[in-house]
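Peer 1:
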Amino acid sequence: MPREGRPDTQPCVEGGKDPATCDLQWLRRAGQGDRAAFERLYLHHYDRLARFVARHTARRDLVDEIVNETMWVVWRDANQFRGEAKVATWIFGIAYRCLMKTLRDRPGVPESTTAQAEGTSDDAEQVELSDWVRRGLLALPTEQRMTLELAYYLGQSCEEIAAIMDVAVGTVKARLFHARLRLRNTLPALGGEDSPHAHAARG
Amino acid sequence: MRMRREDDPMNTSTQLHRQIWDLIPWIVNGSASATERQAVEDHLRQCADCRDEYAFQSRLHAGIATETMDVPDAGGAQAQAGLRRLLARIDLENDAARSGRVDSGEPRKRRLLDRVLIAAVLVQGIGLALLVPLLLQRGDTSARYQTLTSAPVHASQAVIRLVPAPTLTLAELQAMLAAEELRIVESNTGGSIYGLAFDSDTAADTARAVERLRRYPGILLAEPIGRAAPR
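As given, the protein sequences belong to chains U and R, one line each in that order. Numbering follows my numbering, in which position 79 of the first sequence is assigned residue number 79; successive positions increment by one, without gaps. Every position in the second sequence, counted from 1, becomes a number in my numbering once 1000 is added.
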């Protein structure tokens, strides 16, 4: 009996459906060899993947390489997705492993750089704040830094980060706790009420 | 007010403070549940240390979340170019996988044949290992062959061994046997050697019968069988 709405055969329109639903449909169809669905999945996630990876390397070619390695695994293993997490979480878990492997295999990879803000003083203050934060993040162990970035850059929940990093929820909390303690020591100005960044952030 | 080292929440926090600390990141990034958010807000109203931590995390979040990485044109031409490269790679690997299957067919057959031959050798070896002790136990050293004259007399009572020439016709053979009152009682597998017995064994003279048989042109060999009745 045909299912209502025939979700597997109708094109997924992002504006009309939940992104997670679109992701799942594209992934299922990609698992059946549907290249068009895979292309939509790729383009849908490229931006966030590239920006997340770019936080750890200034080499543009390496960013592309890691993103494509990630999406190649997605294409290859699409049929193995069991739906235990969101498709996006699953993809970022793959990206995390690809990124960590690259960082391990190529220890000399140059760190990323932030784009220069243009024009307004608000932008300049934001860049200054970001620069402070970046210096603090560089002082963290990779696992703690990744945890913090997954939480604050990608907005992942604690459970999602645990799935991405393939660790227990308690480990995520512990890493975050220690990362924050360390930043408290390395970024004293950021935490002080006298800091201009504090005023800027509080508006 | 800048927080002093001795006022660090890590040093002074109770279990409740630690729980609030653990929840703050998820309040800041918006992934906490409504219940968790309510619990944190209730606590922050009465805890200056945790309010300070909340403010610190909010600024940290602002510094990270709004950071613009140097990824030019990240969802447009760059994404399309990356996609084209990945699709080309997928095509290439699919082709390689297909040709790999074709190429590897012959070696696989060869490996299978090797395995069958090895198995056959093993089975032979096991068979020999079982057979040799049995043969040794029997202790039978007699020859495994016998001459025409030493062949035992069977119950058929063959008394003459006859080897006709291949040119001897069946009719000639039948006429000869009828004249000598002989009959074929045994034969070898190929039908080239016959054992003959007299139609009636009363007063039959094997030696004379042999002599007569030898005179037939189509007979290569005729001789009495070793255990024939004495003359």
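The beta carbon of each residue, even a glycine, is placed where N, CA and C say it ideally should be. Since we're looking at a predicted model, the values are computed, not measured.
Quick one: Cα of residue 117(U) to Cα of residue 156(U), how far?
Peer 2: Note on residue 117(U): pLDDT 45, under 50, position unreliable in the model; no value is reported.
Peer 1: Does the beta-carbon distance from residue 140(U) to residue 95(U) come in below 8 Å?
Peer 2: Not closer than 8 Å, so no.
Peer 1: Return the chain-ordered list of same chain residues with a C-beta closer than 8 Å to the C-beta of residue 30(U), the five sequence neighbours on each side being excluded.
Peer 2: Contacts found: 37, 38, 41, 74, 75, 78.
Peer 1: Report yes if the CB atom of residue 1118(R) is closer than 8 Å to the CB atom of residue 1163(R), and no otherwise.
Peer 2: Cβ distance not < 8 Å, so residue 1118(R) and residue 1163(R) don't count as in contact.
Peer 1: Who are the neighbours of residue 1097(R) on chain U, taking C-beta pairs under 8 Å?
Peer 2: Those do not exist, as residue 1097(R) stays about 11 Å from chain U at its closest Cβ, beyond 8 Å.
Peer 1: Give the DSSP bridge partners of residue 1194(R), in chain order.
Peer 2: Residue 1194(R) pairs with 1162(R), 1187(R).
Peer 1: On the CB-based measure, 16 or more other CB atoms within 10 Å of its CB, does residue 136(U) come out buried or exposed?
Peer 2: Buried: at least 16 other Cβ atoms inside 10 Å.
Peer 1: Indicate whether at least one CB of chain U lies closer than 8 Å to the CB of residue 1035(R).
Peer 2: Answer no: the Cβ-Cβ gap between residue 1035(R) and chain U never drops below 8 Å.
Peer 1: In the DSSP assignment, find the alpha helix (DSSP H) that holds residue 1223(R) and state where it starts and stops.
Peer 2: Note, residue 1223(R): premise wrong, no alpha helix (DSSP H); beta strand (DSSP E) at 1219–1224.
Peer 1: Is it the case that the Cβ atoms of residue 143(U) and residue 55(U) are separated by a distance below 8 Å?
Peer 2: In this structure, residue 55(U) does not lie closer than 8 Å to residue 143(U) by Cβ.
Peer 1: Closest to residue 99(U) by C-alpha separation, out of 154(U), 69(U), 17(U), 152(U), would be which residue?
Peer 2: Of 154(U), 69(U), 17(U), 152(U), the residue nearest in Cα terms is 69(U).
Peer 1: Can you give me, in chain order, the residues of the region 1079–1091 of chain R that have a beta carbon less than 9 Å from any beta carbon in chain U?
Peer 2: Those would be 1079, 1080, 1081, 1082, 1083, 1085, 1086, 1087, 1089, 1090, in chain order.
Peer 1: Taking 8 Å as the limit between beta carbons, can you name the residues of its chain near residue 89(U), skipping five residues before and five after?
Peer 2: Cβ neighbours of residue 89(U) beyond the five flanking positions: 156, 160, 163, 164.
Peer 1: Could you tell me whether any Cβ in chain R is nearer than 8 Å to the Cβ of residue 75(U)?
Peer 2: Residue 75(U) counts as touching chain R.
Peer 1: Below 9 Å on C-beta distance, what does residue 180(U) contact in chain R?
Peer 2: Result: 1021, 1024, 1025, 1053, 1056, 1057, 1060.
Peer 1: Identify the residues that DSSP records as bridge partners of residue 1182(R): which are they?
Peer 2: Partner(s): 1198(R).
Peer 1: Within the region 67–98 of chain U, note down every full beta strand (DSSP E) run reaching 3 residues or more, in order along the chain.
Peer 2: Counting only runs of 3 or more, we get nothing.
Peer 1: What residue from 66(U), 107(U), 106(U) has the CA that sits closest to residue 93(U)'s CA?
Peer 2: Checking every option, the nearest Cα to that of residue 93(U) belongs to 66(U).
Peer 1: Step through the CB atoms of chain R and report whether any lies within less than 8 Å of the CB of residue 152(U).
Peer 2: Yes, its Cβ sits closer than 8 Å to a Cβ of chain R.
Peer 1: Does residue 1120(R) come within less than 8 Å of chain U when only Cβ atoms are used?
Peer 2: Chain U contact via Cβ: absent.
Peer 1: Okay, do the region 1125–1135 of chain R and the region 1167–1181 of chain R touch, 3+ Cβ pairs below 8 Å being the bar?
Peer 2: Not touching, per the Cβ criterion.
Peer 1: Alpha helix (DSSP H) containing residue 1042(R): first to last residue?
Peer 2: Segment 1034–1044, the alpha helix (DSSP H) holding residue 1042(R).
Peer 1: Under a CB-based cut-off of 8 Å, is residue 100(U) close to chain R?
Peer 2: Answer no: the Cβ-Cβ gap between residue 100(U) and chain R never drops below 8 Å.
Peer 1: Tell me the rounded alpha-carbon separation between residue 1023(R) and residue 35(U).
Peer 2: Distance between the alpha carbons of residue 1023(R) and residue 35(U): 41 Å.
Peer 1: Applying the criterion that 16 or more other CB atoms from any shown protein chain within 10 Å of the CB defines a buried residue, is residue 1136(R) buried or exposed?
Peer 2: Under this definition residue 1136(R) is an exposed residue.
Peer 1: Spell out whether any CB of chain R is found under 8 Å from the CB atom of residue 155(U).
Peer 2: With 8 Å as the cut-off, residue 155(U) counts as an interface residue toward chain R.
Peer 1: Could you pull the start and end residues of the alpha helix (DSSP H) that residue 107(U) belongs to?
Peer 2: Taken as a continuous stretch (DSSP letters only), residue 107(U) belongs to no alpha helix (DSSP H), as it is neither H nor E.
Peer 1: In whole angstroms, what separates the C-alpha of residue 167(U) from that of residue 1090(R)?
Peer 2: Using only the alpha carbons, I get a separation of about 31 Å.
Peer 1: So what does DSSP say about residue 1204(R), is it helix, strand or coil?
Peer 2: If DSSP states are grouped into helix, strand and coil, residue 1204(R) belongs with coil.
Peer 1: Can you tell me whether DSSP reads residue 1029(R) as helix, strand or coil?
Peer 2: Coil at residue 1029(R), not helix or strand.
Peer 1: Report the rounded CA-to-CA distance for residue 158(U) versus residue 1061(R), giving the unit in angstroms.
Peer 2: Approximately 15 Å between the Cα atoms of the pair.
Peer 1: Give the straight-line distance between the Cα atoms of residue 103(U) and residue 134(U), rounded to the nearest whole angstrom.
Peer 2: One C-alpha to the other measures close to 18 Å.
Peer 1: Got a sec? Which residues, its chain only, sit under 7 Å from residue 1029(R) by beta carbon, not counting five neighbours each side?
Peer 2: These residues qualify, in order along the chain: 1061.
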